[in-house]
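**Q** First the structure, which I've put down as structure tokens, then a few questions once you've had a look.
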Amino acid sequence: MIRLTSFKGKTFYLNPDLLYRIDETPDTVLTLTDGKNLIVKETASEVVDLIIAYRQKIYRQPATNLVKKVGD
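In the working numbering, the protein residues as written are -1 to 70.
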């Protein structure tokens, strides 16, 4: 999840997998995969940076419990 700030100043968390597109009109408008729109205070490039950091954090975590050891 990435932490964002709504246009009204409230903090919320968004699953970036639900994000379809980002527009600047000049406000930053996030369009979700279900067609809903969210306006946030962050710029489009800040949102992209947050998504990149989130994905790097997720994909760097070691895979655990994928294979059982012999005797378990």
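Every residue gets a Cβ at the ideal spot worked out from N, C-alpha and C, and that includes glycine. Note that the structure is predicted; figures quoted are calculated from it, not measured.
1) Hey, residue 0 and residue 12 are a contact pair by Cβ (cut 8 Å); roughly how many whole angstroms apart?
2) Taking the beta strand (DSSP E) that residue 22 falls in, what are its first and last residues?
3) If I follow the unbroken alpha helix (DSSP H) through residue 47, where does it start and stop?
4) Please name the residue in 45, 57, 51, 8 whose C-alpha comes closest to that of residue 18.
5) Are the beta-carbon atoms belonging to residue 9 and residue 26 less than 8 Å from one another?
**A** On the basis of the coordinates in this document:
1) Taking the sequence shown and counting its residues from 1, the one referred to as residue 0 is at position 2. Taking the sequence shown and counting its residues from 1, the one referred to as residue 12 is at position 14. Yes, they are in contact, since the Cβ atoms of residue 0 and residue 12 sit about 6 Å apart, within 8 Å.
2) The residue given as residue 22 occupies position 24 in the sequence shown. Counting along the chain, the beta strand (DSSP E) containing residue 22 begins and ends at 17 to 22.
3) On the sequence shown, residue 47 is found 49 positions in, with the first residue counted as 1. That run of the alpha helix (DSSP H) goes 42 to 58.
4) For the purposes of this step, residue 18 is taken as residue 20 along the sequence shown, with counting starting at 1. The candidate whose alpha carbon is nearest that of residue 18 is 45.
5) In the sequence shown, counting from the first residue as 1, residue 9 sits at position 11. In the sequence shown, counting from the first residue as 1, residue 26 sits at position 28. Going by C-beta atoms, residue 9 is not nearer than 8 Å to residue 26.
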